[in-house]
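Report on the structure given below.
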């Protein structure tokens, strides 16, 4: 990879030199990190994202977070969800596939579909942001 | 190696001495999600600075004119206008919430007294007109001063209403709403140099709009495969060329940039140029593709170069050379040995933006711990600065920061493990002509100026 050497403190190694040193030691930093990740999540597939990770995110609703939004494998899951009538249908189907207990009625607010009949109190609150931005109120110098 | 920047050298060379100028926003520790700044953009003259936040609000600051009686306030940015651009919506068909977060703001070139900008959330783009009103009419015949209608039969004389000065009022009104054209989340908008059209890009498609027409748009790029299981990459950013109205580029999650020419065909699925740095297969890892994903792409003002930001570096490309970048600048290479934890806490998916200075001689991008990095392309020097309340004394110089990776930590250095990954600077903007920069640090907006200026 063509890289401009940055003018740095000669006592510090640049990324490339560090790689060379560690290659001599036998491990690239990225590969070491990869090994760490695979040790924690052995079922992680070749495709970045991995279906287990994604399922975890989907259930938490984290797939909406901006970090994941443009990740291609998230799109796959969103697309997959569109095959179902609604999120309740999706959850039921997934639960059957995994042979899990259906989500039980109770205080678990994250899973309002399935067995549990939702009430207005259970649904996540809609945000209302009709408040003036703090950037526009008062100046601090 | 060719590192030619455009433009002449300003007095004092390219050695910037950045000083604190202003900070906007609340100081409290508990940051409301709605207050997180999601985009920052100067207008074409640099007199206006717009910010968008996660709460769907836009705040516009205006630069004060030079005033001899108040020399310290020269060049200060003060609130000019603020409005609610987007509101949260709910897509009933898909049972999905549509966030009101403003993803991008782009200004239109000014053509009359009013200012126009485009703001977009995940699904809808809006054209806003910001206009000033400093006069109002008094002495109407058919209504009272407080607006109540008068009984026409009681009117015995006619008078001509007079225009009287009033306190400046800045009004923002939505002039166009461009909706329902994107199935996936909009990541970019870019105004064309023809001042008539603009593009909007989502994960899989790019659409071309005419600013006057809201009920249809042309699809110019579509990378959605027939079978979604074959999907391997998504569009991450797109921009029109600053001078050639037929040329635009888009970047992908695989670290590639495609340049398209709209003259060649109506649907630009086939690129005219393809920019990709060859990868060393021996260094490939699970993270390689993720960190090569380009989060931002920006043309230089000259139009000869473009810059791409991936997770660890910024690359400057010559439009005439597709095989490899002209320059590669490391932003925070020390994070390469932290990729496992950065993957677990999602930081590896953070989308940093980058920007050029007015003369294309320097580039800037953000990092973690409220650090941001500047690279001078002429002198080949780079600096790490911090946006913090501690160094926020008026006109105080910013001290360069240093991250230490080895065991021996020098005084004033910060170790990689002490970095705060929640304090990320994703959005920065550089004044189109002057040495003034705006840096968004979560819910605060910092403005820094060059001392020499």
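Protein chains in written order, with full-length UniProt numbering: chain A, 1 to 141; chain B, 1 to 453. The beta carbon of each residue, even a glycine, is placed where N, CA and C say it ideally should be.
Item                                                                                                                                       : Value
Contact test: residue 120 of chain B Cβ vs the ligand FAD heavy atom, cutoff 7 Å                                                           : As for the ligand FAD, it is missing from this structure, which has no ligand bound.
Check whether residue 372 of chain B and residue 425 of chain B have beta carbons under 8 Å apart                                          : yes
Cut-off 6 Å between Cβ atoms - residues of its own chain near residue 342 of chain B, not counting five sequence neighbours on either side : 348
Inter-stretch contact at 8 Å, needing at least 3 Cβ pairs: the segment 18-36 of chain B / the segment 441-452 of chain B                   : yes
Beta-bridge partners of residue 264 of chain B, as assigned by DSSP                                                                        : In the DSSP output, where bridge partners are listed per residue, residue 264 of chain B has none listed.
Residue 109 of chain B - containing beta strand (DSSP E), residue span                                                                     : Counting along the chain, residue 109 of chain B falls outside any beta strand (DSSP E), and DSSP gives it neither H nor E.
Which of helix, strand or coil DSSP assigns to residue 237 of chain B                                                                      : strand
Short CB-CB distance (under 8 Å) between residue 388 of chain B and chain A                                                                : no
Residue 126 of chain B, enclosing beta strand (DSSP E) - first and last residue                                                            : 125-138
Per DSSP, the bridge partner or partners of residue 383 of chain B                                                                         : B:374
Chain B contact residues for residue 29 of chain A, given Cβ-Cβ distances below 7 Å                                                        : 336, 337
Neighbourhood of residue 225 of chain B by C-beta distance below 6 Å, restricted to the same chain and skipping five residues each side    : 231
Residue span of the alpha helix (DSSP H) that contains residue 102 of chain B, given as start and end                                      : Careful: residue 102 of chain B lies outside any alpha helix (DSSP H) and carries neither H nor E.
Residue 54 of chain A, buried or exposed, once every other Cβ within 10 Å from all chains shown has been counted against 16                : Any reading at residue 54 of chain A must be qualified, since the residue scores a pLDDT of 43, below 50, and its modelled position is unreliable; the value itself is stated next. So residue 54 of chain A counts as buried.
Given 8 Å, three or more beta-carbon pairs between the segment 357-376 of chain B and the segment 289-305 of chain B                       : yes
Ranges of the beta strand (DSSP E) found wholly within the segment 175-237 of chain B, counting only runs of at least 3                    : 188-191, 197-201, 205-210, 213-222
Interface flag, residue 259 of chain B vs chain A, CB-CB below 8 Å                                                                         : no
Residue 32 of chain B in three-state terms, based on DSSP                                                                                  : coil
Nearest-angstrom Cβ-Cβ length linking residue 178 of chain B and residue 128 of chain B, presumed shorter than 8 Å                         : Rounded, the Cβ-Cβ distance is 12 Å, inconsistent with contact.
Short CB-CB distance (under 8 Å) between residue 272 of chain B and chain A                                                                : no
Inter-stretch contact at 8 Å, needing at least 3 Cβ pairs: the segment 240-251 of chain B / the segment 192-199 of chain B                 : yes
CB contact below 8 Å: residue 35 of chain B versus chain A                                                                                 : yes
Rounded distance between the beta-carbons of residue 220 of chain B and residue 206 of chain B, thought under 8 Å                          : 5 Å
Limits of the beta strand (DSSP E) - the one that residue 354 of chain B falls within                                                      : 354-356
Member of B:451, B:450, B:351, B:435 whose CA lies at the smallest distance from the CA of residue 46 of chain B                           : B:435
Residue nearest to residue 276 of chain B in terms of C-alpha spacing, selected from B:43, B:315, B:323                                    : B:323
Residue 107 of chain A in three-state terms, based on DSSP                                                                                 : At residue 107 of chain A the pLDDT is 45, less than 50, meaning the model places this residue with poor confidence; the figure from the coordinates comes in the next sentence. Coil.
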